[in-house]
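Colleague: One structure, as structure tokens, below. Some questions next.
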Amino acid sequence: MRYSDYNEIKQRGTFNFPVEFHYVDKMHPRYMMSYHWHVEYEIIRILKGSLTVYLNQKEILAKEGDIIFIRDGILHSAVPKDCIYECVVFNMNLLLKENFSGTKYIQNIIDHNIIVNDYFPKSDSELNRIIFSLFEALKLQKDSYELTTLGLLYQIFGLMYNNKLYSTDFLKDSKKIMQLKKALEVIEESYSSTITLEDLSKVVGMSRKYFCKFFYEMTHRTPIDYLNYYRIECASYQLATTNLSITDIAYNCGFNDLSYFIKSFKKYKGITPSKYSKLEKTYNENCHNTNDDSIFLPSSAY
17 MRYSDYNEIK QRGTFNFPVE FHYVDKMHPR YMMSYHWHVE YEIIRILKGS LTVYLNQKEI
77 LAKEGDIIFI RDGILHSAVP KDCIYECVVF NMNLLLKENF SGTKYIQNII DHNIIVNDYF
137 PKSDSELNRI IFSLFEALKL QKDSYELTTL GLLYQIFGLM YNNKLYSTDF LKDSKKIMQL
197 KKALEVIEES YSSTITLEDL SKVVGMSRKY FCKFFYEMTH RTPIDYLNYY RIECASYQLA
257 TTNLSITDIA YNCGFNDLSY FIKSFKKYKG ITPSKYSKLE KTYNENCHNT NDDSIFLPSS
317 AY
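Position in the sequence shown (from 1) plus 16 gives the number in this note's numbering.
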């Protein structure tokens with residue numbers, strides 16, 4: 017059973033226009049973003065509150081008006097605080113065109129010859145203006161919005177080149193990141209079953225003691241805390257999108273004791289599973305009734 021693809025392999029947007037827009041508030045099933053990675057690029061814009069974003073081993077606190085840029089293959093997660101944010105996920109190959117002189121610049125980004133900056137503060141007004149227009153185009157989807165979107169993406173990367181908003185420093189500690197990905201993959205694939213520290217430490221070739229230290233250094237959580245957190249996120253999604261009983265969901269997500277599941281759920285979510293389910297379903301019904309095309313509730317993390 018899979019809650020979401022830790023290594024996401026899914027179609028973004030459509031085949032001819034691989035771009036997705038998402039609006040995320042506290043009632044969204046993916047409000048808490050667990051660790052994952054994907055081959056697409058992602059732009060996040062903070063509308064309200066703050067979002068602590070973890071990119072590989074880097075921690076960024078983004079506040080209202082700030083922009084986060086996540087490139088392909090980066091292991092990332094996020095913890096919101098009274099936050100509302102929007103994000104656009106897109107395939108960079110969309111910008112590769114034959115007989116276009118700008119292709120070499122896009123190819124440099126795709127090939128990681130340059131690493132685009134990952135944080136842009138609200139004070140970067142020119143970039144914020146272009147990104148605001150990009151998000152509006154995707155929300156409103158007026159006639160020819162695809163052309164507008166492409167033009168704005170080219171403007172964004174053109175501005176990054178012109179203002180040298182990039183580096184040529186290559187990622188350090190890539191071995192550690194690959195080891196972490198292996199451990200997360202075990203959790204993602206087997207969270208509904210019993211997982212021990214021995215299982216996780218073995219897959220990355222470490223002793224249990226060193227693995228615990230390593231995992232905390234990389235994620236700021238202990239392995240068991242992260243496993244329980246991930247299981248509760250899985251349960252949250254099932255509560256919001258299925259009619260399964262709380263007992264069934266608890267067992268589906270690796271909890272063999274219902275009272276412990278309820279206690280854990282309240283610890284991570286602040287409310288009971290039954291109340292969460294009612295709130296989520298009411299929220300989803302209201303979104304459906306508004307016919308608001310700007311709100312998407314995808315089945316997996318971004």
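Beta carbons: idealized from backbone N, C-alpha and C, even for Gly.
(1) Report the three-state DSSP secondary structure of threonine 405 (helix, strand or coil).
(2) I believe phenylalanine 85 touches isoleucine 122 by the beta-carbon criterion, under 8 Å. Please report the beta-carbon distance rounded to the nearest angstrom.
(3) In the DSSP assignment, what are the bridge partners of cysteine 103?
(4) What is the DSSP secondary structure of tyrosine 47, counted as helix, strand or coil?
(5) Applying the 10 Å Cβ sphere with the 16-neighbour rule, what's the burial state of aspartate 98?
(6) In terms of DSSP beta bridges, what is glutamate 75 paired with?
(7) Judging by CA-CA distance, which residue of Lys297, Ala153, Asn144 is the nearest neighbour of threonine 258?
(8) Would you mind working out which of Asp88, Cys228, Met49, Leu111 sits nearest tyrosine 246, comparing C-alpha positions?
(9) Run the CB neighbour count on glutamate 102, radius 10 Å, all protein chains shown included, and call it buried at 16 or more, exposed below.
(10) Buried or exposed: which applies to leucine 274, given that a residue is buried once 16 or more other Cβ atoms fall within 10 Å of its Cβ?
(11) Quick one: is asparagine 244 buried, meaning 16 or more other Cβ sit within 10 Å of its Cβ, or exposed?
(12) The alpha helix (DSSP H) with isoleucine 248 in it runs from where to where?
(13) Using 8 Å for Cβ pairs, my map puts tyrosine 135 next to alanine 78. What's the rounded Cβ distance?
(14) Using 8 Å for Cβ pairs, my map puts valine 220 next to leucine 154. What's the rounded Cβ distance?
(15) Does the stretch 221-240 come within contact of the stretch 194-209, defined as at least 3 CB pairs closer than 8 Å?
(16) May I ask you to report which of helix, strand or coil DSSP gives tyrosine 182?
(17) Out of Thr165, Asp127, Gly81, state which residue places its alpha-carbon closest to the alpha-carbon of serine 141.
Modeller: With the given structure in hand:
(1) With the chain covering only 17 through 318, there is no way to say anything about residue 405.
(2) About 15 Å separates the two Cβ atoms, so there is no contact after all.
(3) His38, Ile60
(4) coil
(5) exposed
(6) Tyr70
(7) Lys297
(8) Met49
(9) buried
(10) exposed
(11) buried
(12) 239-257
(13) 7 Å
(14) In fact, because the Cβ distance is near 39 Å, the residues do not count as touching under 8 Å.
(15) yes
(16) strand
(17) Gly81
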